[in-house]
């Protein structure tokens with residue numbers, strides 16, 4: 080559609096990014112040994128008190144400031160249940176972690192293993208051990224954190240290593256200066272967001288030209304704003320919207336959705352909100368009797384506004400229809416796939432993975448025959464996401480039949496409107512195909 084040059088850019092830039100995401104998410108469970116050391120200019124006792132997760136200890140409580148509570152729920156062996164704020168310190172979502180104490184020899188050694196995170200038992204395997212050893216050396220403390228456990232993907236292994244390094248750096252800073260926390264609060268720089276947005280628009284312009292890039296950016300922002308608005312309606316404190324160079328946009332939630340209905344509603348809201356400008360633009364064209372493309376070209380430009388704005392408004396509405404109809408396809412990682420996942424998991428959790436993998440396989444085969452390898456790679460990423468669903472009971476509460484009916488009817492209605500908009504626009508603009 081956009082020429083051979085754009086296809087080359089897509090293949091050279093976008094395809095490797097999608098392949099990298101697939102590699103990061105590829106199911107590769109393996110037992111890993113990660114060791115991180117830091118030299119800390121503070122006594123061992125202070126380092127120990129900061130590391131030990133104890134809300135009754137002022138030193139520990141200040142460092143682990145997201146900790147809400149801790150209580151002993153077992154004695155042989157000792158198991159402590161920690162409740163932590165997992166919503167970026169907004170108090171809207173809590174995560175429950177249970178740790179089994181293996182050793183607590185202050186100030187020399189501490190060891191524990193994670194037996195449960197929320198609804199997942201032994202998330203890092205039954206042989207998981209996290210151990211901290213503190214040794215005196217030349218008036219300082221050498222802290223060695225050893226993490227032994229299973230990671231499910233290559234990306235998870237990389238993130239675990241990164242997070243452990245960040246944690247030990249924060250522990251050193253806090254032990255030495257009293258500043259910082261175990262989970263530093265993310266800083267949102269408006270300059271960084273503006274730079275990312277400009278880079279995204281520039282990437283769209285590089286692929287499609289400036290006029291189409293601005294139209295596409297508008298469509299993406301309105302779509303993501305629908306997600307953002309739904310997140311706020313379902314209790315998300317500070318979601319954010321980002322434009323991503325070469326890929327589009329994303330609305331980032333603050334924490335996982337609490338119910339399957341909330342999740343499906345949020346994923347459906349992007350296309351749902353986009354119905355409003357699409358219908359408004361087509362209504363304006365019909366109500367004002369703006370001429371179609373042939374009339375605009377062949378007629379004398381007596382009224383320049385009519386000549387220009389008819390095709391422009393319909394073109395924008397057509398773009399909105401195409402973008403949102405694509406997003407509603409029932410395959411991961413598109414919005415329609417997430418809506419379908421929520422519906423299936425509300426009925427039978429174990430059926431979600433095979434159903435979504437079959438749909439991804441059909442899509443991969445179809446687009447491969449058409450030679451569209453960007454979409455093939457995207458659906459490959461969706462197939463990997465479907466594989467990770469497994470059959471475990473999700474933390475989100477399932478939908479009631481009434482909720483499923485609302486989501487199902489809403490999905491069909493919104494998809495029908497966008498397909499209708501797309502078909503009307505193609506006919507109005509005399510375009511045979513995309």
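In this note's numbering, the protein residues as written are 80 to 513. The beta-carbon is built from N, C-alpha and C at its ideal position, and this holds for glycine as well.
Margin query: Using a Cβ distance threshold of 8 Å, determine whether the segment 393 to 407 contacts the segment 354 to 369, with at least three qualifying pairs required.
Written below: With the cut-off at 8 Å, the segment 393 to 407 and the segment 354 to 369 touch.
Note to self: At the level of alpha carbons, what is the spacing between residue 328 and residue 254?
What the structure shows: Locating residue 328 in the chain shown gives position 249, counting from the first residue. Locating residue 254 in the chain shown gives position 175, counting from the first residue. Residue 328 and residue 254 have their C-alpha atoms roughly 40 Å apart.
Item checked: Beta-ladder partner(s) of residue 183, from DSSP -> The residue labelled residue 183 in the question sits at position 104 within the chain shown. Answer is 189.
Check: Would residue 440 pass as a contact of residue 462 if the rule is Cβ separation under 8 Å?
Finding: Reading the chain shown from its first residue, position 361 is the one you call residue 440. Reading the chain shown from its first residue, position 383 is the one you call residue 462. At a Cβ-Cβ threshold of 8 Å, residue 440 and residue 462 count as neighbours.
Next item on the list: For my contact list, residue 354 and residue 306 are in at a C-beta cut-off of 8 Å; report their separation, rounded to the angstrom.
Entry: Reading the chain shown from its first residue, position 275 is the one you call residue 354. Reading the chain shown from its first residue, position 227 is the one you call residue 306. About 14 Å separates the Cβ atoms of residue 354 and residue 306, ruling out a contact at the 8 Å cut-off.
Check: What do you reckon, are the CB atoms on residue 234 and residue 394 nearer than 8 Å?
Finding: Translated into positions along the chain shown, residue 234 becomes position 155. Translated into positions along the chain shown, residue 394 becomes position 315. No, Cβ-Cβ distance for residue 234 and residue 394 is not below 8 Å.
Margin query: Given the structure, does residue 129 come close to the ligand MG, in the sense that its CB is under 7 Å from one of the ligand's heavy atoms?
Written below: Of the ligands one can find in the structure shown there are none, so the ligand MG has no counterpart to examine.
Next item on the list: Tell whether a beta-carbon distance below 8 Å holds between residue 232 and residue 106.
Entry: Taking the first residue of the chain shown as 1, we reach residue 232 at position 153. Taking the first residue of the chain shown as 1, we reach residue 106 at position 27. In this structure, residue 106 lies closer than 8 Å to residue 232 by Cβ.
Check: Out of curiosity, what's the CA-to-CA distance linking residue 272 and residue 324?
Finding: As a working mapping, residue 272 is identified with position 193 in the chain shown. As a working mapping, residue 324 is identified with position 245 in the chain shown. So the alpha carbons of these two residues sit roughly 12 Å apart.
Next item on the list: Please report the residue range of the alpha helix (DSSP H) in which residue 282 lies.
Entry: What you label residue 282 is simply residue 203 of the chain shown in a count that begins at 1. Taken as a continuous stretch (DSSP letters only), the alpha helix (DSSP H) holding residue 282 covers 269 to 287.
Next item on the list: Can you tell me which of the three DSSP states residue 492 falls into?
Entry: Here residue 492 is taken as the residue at index 413 of the chain shown, counted from 1. Reduced to three states, the DSSP call for residue 492 is helix.
Note to self: Could you compute how far the alpha carbon of residue 112 sits from the alpha carbon of residue 193?
What the structure shows: Residue 112 sits at position 33 when you count from the first residue of the chain shown. Residue 193 sits at position 114 when you count from the first residue of the chain shown. Straight across, the Cα-Cα distance linking residue 112 with residue 193 is about 15 Å.
Next item on the list: May I ask you to list the residues that DSSP assigns as paired with residue 117?
Entry: Walking along the chain shown from the start, residue 117 turns up at place 38. The partner list for residue 117 (beta bridge, DSSP) reads 222.
Notebook entry, point to check: Is residue 260 helix, strand or coil by DSSP?
Noted result: The sequence position of residue 260 within the chain shown is 181, counting from 1. In this structure, residue 260 counts as coil in the three-state DSSP scheme.
Check: In whole angstroms, what is the alpha-carbon distance linking residue 274 and residue 320?
Finding: As a position in the chain shown, residue 274 is number 195, starting the count at 1. As a position in the chain shown, residue 320 is number 241, starting the count at 1. Distance between residue 274 and residue 320, taken at the CA atoms: about 13 Å.
Next item on the list: With a threshold of 16 other CB atoms inside 10 Å of the CB of residue 269, please say whether the residue is buried or exposed.
Entry: To locate residue 269, count along the chain shown from 1; it is residue 190. With fewer than 16 other CB atoms across the displayed protein chains lying within 10 angstroms of its CB, residue 269 is exposed.
Item checked: residue 330 versus residue 180: straight-line alpha-carbon distance, rounded -> As a working mapping, residue 330 is identified with position 251 in the chain shown. As a working mapping, residue 180 is identified with position 101 in the chain shown. Rounded to whole angstroms, residue 330 to residue 180 spans 39 Å at the Cα level.
Next item on the list: Would you mind giving the Cβ-Cβ distance between residue 213 and residue 222, rounded to the nearest angstrom? I have them listed as a contact below 8 Å.
Entry: Numbered from 1 along the chain shown, position 134 holds the residue referred to as residue 213. Numbered from 1 along the chain shown, position 143 holds the residue referred to as residue 222. Right, the Cβ-Cβ distance comes to about 6 Å (below 8 Å), so this counts as a contact.
Check: Can you pull the DSSP bridge partners for residue 123?
Finding: Here residue 123 corresponds to residue number 44 of the chain shown, with the count starting at 1. Answer is none; residue 123 lacks a bridge partner.
Check: Rounded to the nearest angstrom, how far is the Cβ of residue 338 from that of residue 247, given a contact under 8 Å?
Finding: Start at 1 with the first residue of the chain shown, and residue 338 comes out as number 259. Start at 1 with the first residue of the chain shown, and residue 247 comes out as number 168. Wrong, their Cβ atoms sit about 37 Å apart, outside the cutoff.
Checklist line | Exposed unless 16 or more other CB atoms sit within 10 angstroms - verdict on residue 241 | finding: For the purposes of this step, residue 241 is taken as residue 162 along the chain shown, with counting starting at 1. Its Cβ having fewer than 16 others within 10 Å, residue 241 is exposed.
Next item on the list: Return the CA-CA distance between residue 120 and residue 141, expressed in angstroms with no decimal places.
Entry: Counting from one through the chain shown, the residue named residue 120 turns up at place 41. Counting from one through the chain shown, the residue named residue 141 turns up at place 62. In this structure, the alpha-carbon of residue 120 lies about 19 Å from that of residue 141.
Item checked: Three-way DSSP call (helix, strand, coil) for residue 168 in this model -> Numbered from its first residue, the chain shown carries residue 168 at position 89. The DSSP-derived three-state label of residue 168 is coil.
Item checked: Backbone CA spacing between residue 188 and residue 227 [nearest angstrom] -> Within the chain shown, residue 188 is the residue found at index 109, counting from 1. Within the chain shown, residue 227 is the residue found at index 148, counting from 1. Rounded to whole angstroms, residue 188 to residue 227 spans 16 Å at the Cα level.
Next item on the list: Please report how far the alpha carbon of residue 419 lies from the alpha carbon of residue 303, in whole angstroms.
Entry: Mapped onto the chain shown, residue 419 falls at position 340. Mapped onto the chain shown, residue 303 falls at position 224. Taking the straight line joining both Cα atoms gives about 19 Å.
Item checked: Expected contact under 8 Å - CB spacing of residue 117 and residue 250 to nearest Å -> Taking the first residue of the chain shown as 1, we reach residue 117 at position 38. Taking the first residue of the chain shown as 1, we reach residue 250 at position 171. The Cβ separation is near 7 Å, so the contact holds.
Next item on the list: Output the distance between the C-alpha atoms of residue 59 and residue 148, rounded to the nearest integer angstrom.
Entry: Any answer about residue 59 is impossible in this case: the structure gives the chain only from 80 up to 513.
Note to self: Checking the sheet assignment: what are the DSSP bridge partners for residue 148?
What the structure shows: As a first step, residue 148 must be located in the chain shown, where it is residue number 69. According to DSSP, residue pairing for residue 148 in a beta bridge involves 162.
Next item on the list: Excluding the 5 residues preceding and the 5 following residue 496 in the sequence, name in chain order all residues of the same chain whose CB lies nearer than 6 Å to its CB.
Entry: As a working mapping, residue 496 is identified with position 417 in the chain shown. Excluding residues within five positions, the ones whose Cβ falls inside 6 Å are 354.
Next item on the list: Report the rounded CA-to-CA distance for residue 485 versus residue 348, giving the unit in angstroms.
Entry: Residue numbering aside, residue 485 sits at position 406 when the chain shown is read from its first letter. Residue numbering aside, residue 348 sits at position 269 when the chain shown is read from its first letter. Each residue's alpha carbon lies about 13 Å from the other.
Checklist line | With 16 other Cβ atoms within 10 Å as the buried cut-off, status of residue 467 | finding: Stepping through the chain shown from its first residue, residue 467 is reached at position 388. The residue in question, residue 467, is exposed, as its Cβ has fewer than 16 Cβ neighbours within 10 Å.
Next item on the list: Indicate the three-state DSSP secondary structure (helix, strand or coil) for residue 112 in the structure shown.
Entry: Position 33 of the chain shown holds residue 112. Correct three-state label for residue 112: strand.
Next item on the list: Tell me, please, which residues DSSP counts as bridged to residue 106.
Entry: Position 27 of the chain shown, counted from the start, is the residue given in the question as residue 106. For residue 106, which the question treats as bridged, DSSP gives the partners 232.
Note to self: DSSP has residue 208 in a bridge; who is on the other side?
What the structure shows: The residue you call residue 208 lines up with position 129 of the chain shown. Paired residue(s): 227.
Next item on the list: Confirm, please, whether the CB-CB distance from residue 230 to residue 123 is below 8 Å.
Entry: Locating residue 123 in the chain shown gives position 44, counting from the first residue. Locating residue 230 in the chain shown gives position 151, counting from the first residue. No.
Next item on the list: Rank 186, 352, 392 by C-alpha distance to the C-alpha of residue 366 and give the top, closest one.
Entry: In the chain shown, the residue the question calls residue 366 occupies position 287. Closest by alpha carbon: 392.
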